[in-house]
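When the letters of the sequence shown are read in order and numbered with the working numbering, they come out as residues 163 to 348.
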Amino acid sequence: MEADWSVEIGPGLPMIAVPWEGYVPLKEDAFRITQVPEAVTDTVLAQALRHLNAPESPVFTSKCDRWHLPAAEIDPFEFDAPPAEAYTGVACYIDIILRHPNAFASFAAHESWMRAASSTLREVPLLQSRTDFVIRQAIVHAQEGFGITLYVASCARNQTLGHSIFEAALNHAITVTIKTSPTVGE
Numbered sequence: 163m164e165a166d167w168s169v170e171i172g173p174g175l176p177m178i179a180v181p182w183e184g185y186v187p188l189k190e191d192a193f194r195i196t197q198v199p200e201a202v203t204d205t206v207l208a209q210a211l212r213h214l215n216a217p218e219s220p221v222f223t224s225k226c227d228r229w230h231l232p233a234a235e236i237d238p239f240e241f242d243a244p245p246a247e248a249y250t251g252v253a254c255y256i257d258i259i260l261r262h263p264n265a266f267a268s269f270a271a272h273e274s275w276m277r278a279a280s281s282t283l284r285e286v287p288l289l290q291s292r293t294d295f296v297i298r299q300a301i302v303h304a305q306e307g308f309g310i311t312l313y314v315a316s317c318a319r320n321q322t323l324g325h326s327i328f329e330a331a332l333n334h335a336i337t338v339t340i341k342t343s344p345t346v347g348e
């Protein structure tokens, strides 16, 4: 799987905010998943959100979206895909925040986390997919810190195959994101 990370922090750049108008606190009540329109229309995304917001999870989510990728938006090189497999695709993003206040406030913890997550995902033998992590500023109930935006995308010659690859890619990305998250002491 292709995987990379970057940092987008500064004036005028997007940041993660909790709460926001439309915020659904899944970490407090998983049954509210039906209030997230993207999760209602995509069971794969719904399962990812449940996993990320589970009580034992070290993270929670703020926002997400899912969309179709037309061929014009797919670079076969970026997806490690043969050109014939870059006809259609699926993509999503999920804003993710660490639950522990010390880890949430630490840029160094986020940088180390993203290095480990990207490196681990590069070892996954899954072609036609990519994961990108972006470290952003975050404000959670007036507390300043950092969060990540996780982007996952896949491509294929048809939508059915593309969605199947997307499901595998998202599942790997969520598992690795949780597994490599900073511990309380970091």
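Note that CB positions come from ideal geometry on N, CA and C, so glycine has one too.
Measuring alpha carbon to alpha carbon, tell me which residue in the options is nearest residue i.
i      : options                           : result
Phe269 : Glu170, Ala165, Pro238 and Glu164 : Glu170
Ile195 : His262, Gln299 and Ser224         : Ser224
Thr337 : Ala300, Gly174 and Leu283         : Leu283
Lys189 : Gly174, Tyr249 and Ala216         : Ala216
Asp191 : Arg212, Gln299, Gln321 and His334 : Arg212
Cys226 : Pro238, Ala248, Gly184 and Gly174 : Gly184
Pro173 : Arg228, Ile256, Ala300 and Leu231 : Ala300
Asn320 : Thr203, Asp204, Glu306 and His230 : His230
Would you list the residues sitting across from residue i in a DSSP beta bridge?
i      : result
Pro236 : Per the sequence presented here, residue 236 reads as Ile, with Pro not at that position. BP columns for Ile236 are empty, so no partner.
Thr250 : Pro232 and Ala318
Leu214 : Partner(s): none; Leu214 has no beta bridge.
Glu306 : Ile301
Tyr185 : Note: Tyr185 sits in no beta bridge, so no partner.
Ile178 : Ala300
Quick one, are the C-beta atoms of residue i and residue j less than 8 Å apart?
i      : j      : result
Glu240 : Arg292 : yes
Ile236 : Met276 : no
Ser125 : Ala201 : Nothing about residue 125 can be reported from this structure: the residues present for the chain run from 163 to 348 only.
Val180 : Val302 : yes
Leu260 : Pro176 : no
Ser316 : Val221 : no
Gly349 : Ala330 : The question about residue 349 has no answer here: the residues shown for the chain are numbered 163 through 348.
Ala278 : Thr342 : yes
Ala265 : Thr250 : no
Phe295 : Trp167 : yes
Rounded C-beta distance between residue i and residue j? I'm assuming under 8 Å.
i      : j      : result
Ile258 : Leu214 : 6 Å
Ala243 : Leu289 : 6 Å
For residue i, I'd like the list of residues in its chain whose CB is within less than 8 Å of its CB, leaving aside the five on either flank, ordered along the chain.
i      : result
Leu332 : Val206, Leu207, Ala210, Cys254 and Val314
Between which residues of its own chain and residue i is the CB-CB distance below 7 Å, once the five residues before and five after are set aside?
i      : result
Gly347 : Note that Gly347 scores 46 on pLDDT, short of 50, meaning its location in the model is unreliable and no value can be drawn from it.
Val186 : Arg194, Gln197 and Val198
Note down, in chain order, each residue of its chain lying with its Cβ closer than 6 Å to the Cβ of residue i, except the 5 sequence neighbours on either side.
i      : result
His272 : Ile297 and Phe308
Asp204 : Arg228
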